[in-house]
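Residue numbering for the sequence shown follows the UniProt record's numbering, beginning at 1 and increasing consecutively. Using N, Cα and C, we set each Cβ at its ideal position, and we do this for glycine too. All values reported here derive from a predicted model rather than from experimental measurement. Worksheet: one structure, shown below.
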Amino acid sequence: MEYVETHGARMPAVGLGTWQLTGTECYETVSTALDLGYRHVDTAQLYDNEREVGRAIEDADVDRDEVFLTTKVSPRNASHDALIDSTEASLERLGVDYVDLLLLHWPNPIVSVESTMAAMDHLVDEGRVSHIGVSNFPRVFLDRARDAADAPILTNQVQFHPYKPQRGMLGYCQEEGLVLTAYSPLARGTVLGDDTVQRLAAEYDRTPAQVVLRWATQHHNVAVIPKTTDPDHLAENIALFDFKLTRSEVEELTKPSLLKSGRAMLDGMLGELR
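Structure, rendered in structure tokens:
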């Protein structure tokens, strides 16, 4: 496993995303992932699966402090007191004393960012949260959050894949020492049929998913959190670090497309907030 390290955090470069996983399926998927060697799990209040994620971590033959655990606060809980109270409720559902990373899931423009960040700083001071960050934040909101917080903003979690390479945000994160955490790194599967992906998968004797995830993780300060329930795919998604794409191959795979990235987002979201 490779790691992204900044601001005192050591985040595994590949984690497990759990959006749309609930109940027994969520518990079993997280359990299998931990058995396979995953040490980075991402959940959220909006996913309604924190209890299952926490139970899988508790039941695994892995020490809690070996797992980099992220949860995200719903934007409706962005106000100071609601953020603290809802995070405490998340910790109770997860069955843990702290999370490694707490994110605000989306910007909430009607809540003062100073209030939000003050609550996050309080949770860091209390030892309930190790690191803080944001998700789905455009640059202007990210700048405001960084200015308002005492603790460093560790990451911005955004959609990132060859059809949406986020060049501006990626460059900003790299220059400022932030992690770009990539959700939907396979573009909801739409990128897997790409001709270049297919050709490189054959040349490297890898799956298309492995090629795309390697494309992402070869970018400095990028971590990925793909989601799958298939045990074989779970194993493949962390078997990335014994091959490396060339610079020209990385550039060839980078194909910004508003149409393809938008279609991927719509296919997966079905009108819901991620």
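Cutoff 7 Å; reference Pro226; Cβ partners in own chain excluding five residues on either side = The residues are Gly17, Pro185, Leu186, Leu213 and Asn237.
Are the beta-carbon atoms belonging to Ser257 and Tyr163 less than 7 Å from one another?
-> Taking 7 Å as the Cβ cut-off, Ser257 and Tyr163 qualify as a contacting pair.
What residues in its chain sit with their C-beta under 7 Å from that of residue 280, if we drop five residues either side in the sequence?
-> Since the first and last residues shown for the chain are 1 and 274, residue 280 lies out of range.
Tell me whether Met169 sits in a helix, a strand or coil according to DSSP, three-state version.
-> Met169 sits in a helix when the DSSP states are folded into three classes.
For Met117, the first and last residue of its enclosing alpha helix (DSSP H) = It spans Val113 to Asp125 - the alpha helix (DSSP H) in which Met117 sits, taken as one unbroken run.
Looking only at its own chain, which residues have a Cβ that is under 7 Å from the Cβ of Thr29, when we skip the five neighbours before and after it?
-> Here the set comprises Leu21 and Thr229.
Pairing CB atoms from the segment 131–140 with CB atoms from the segment 151–171, are three or more of them under 8 Å?
-> The segment 131–140 makes contact with the segment 151–171; the number of CB pairs closer than 8 Å reaches 3 or more.
Taking the runs of the alpha helix (DSSP H) that are 4 residues or longer, which of them lie wholly in the segment 57–117?
-> If only uninterrupted alpha helix (DSSP H) runs of at least 4 residues are considered, those enclosed by the segment 57–117 are 80–94.
Check residue 315 in the structure and name its three-state DSSP category.
-> The chain is shown only over 1 to 274; residue 315 falls outside these bounds and no answer can be derived.
Ser112 versus Asp195, Asp125, Ala78 and Leu36, residue with shortest Cα-Cα distance | Looking only at Asp195, Asp125, Ala78 and Leu36, the smallest Cα-Cα distance to Ser112 is reached by Ala78.
Would you mind stating whether Val4 and Val179 have Cβ atoms separated by less than 7 Å?
-> Yes. Within cutoff.
Report buried or exposed for Glu249, applying the criterion of at least 16 other Cβ atoms within 10 angstroms of its Cβ.
-> Residue burial is scored here from C-beta neighbours: Glu249 has at least 16 other C-beta atoms within 10 angstroms and is therefore classed as buried.
Pick out whichever of Leu46, Leu253, Gly23 and Asn221 has its Cα sitting closest to the Cα of Arg10.
-> Ranked by how close their Cα comes to the Cα of Arg10, the residues Leu46, Leu253, Gly23 and Asn221 have Asn221 in first place.
May I ask you to report which of helix, strand or coil DSSP gives Asn156?
-> In this structure, DSSP gives Asn156 an extended state, which the three-state scheme calls strand.
So which of Pro165, Ser115, Met169 and His122 has the shortest CA-CA distance to Ala148?
-> Comparing alpha carbon positions, the residue from Pro165, Ser115, Met169 and His122 closest to Ala148 is Ser115.
Measuring CB to CB, does Ser86 end up less than 7 Å from His105?
-> Taking 7 Å as the cut-off, the beta carbon of Ser86 is found no closer than this to the beta carbon of His105.
Could you check how far apart the C-beta atoms of His80 and Ala119 are, in whole angstroms? I think they sit under 8 Å.
-> About 4 Å separates the two Cβ atoms, so the contact holds.
Would a C-beta distance cut-off of 7 Å place Tyr27 and Arg55 closer than the cut-off?
-> In this structure, Arg55 lies closer than 7 Å to Tyr27 by Cβ.
Ala223 and Val211 closer than 7 Å at C-beta = Annotated as distal: Ala223 and Val211, with beta-carbon spacing of 7 Å or more.
Would you mind giving the Cβ-Cβ distance between Val99 and Val67, rounded to the nearest angstrom? I have them listed as a contact below 8 Å.
-> In this structure Val99 does not touch Val67 by the C-beta definition: roughly 10 Å separates them, more than the 8 Å allowed.
Can you tell me which of Ile84, Asp121, Asp194 and Gly171 puts its alpha carbon nearest to the alpha carbon of Ala139?
-> Note that residue 139 corresponds to Arg in the displayed sequence, not to Ala. Looking at the Cα atoms, Gly171 is the closest of the given residues.
Residues near Gly23 by beta carbon distance below 7 Å, same chain, minus five either side = Excluding sequence neighbours, Gly23 sits near Glu52.
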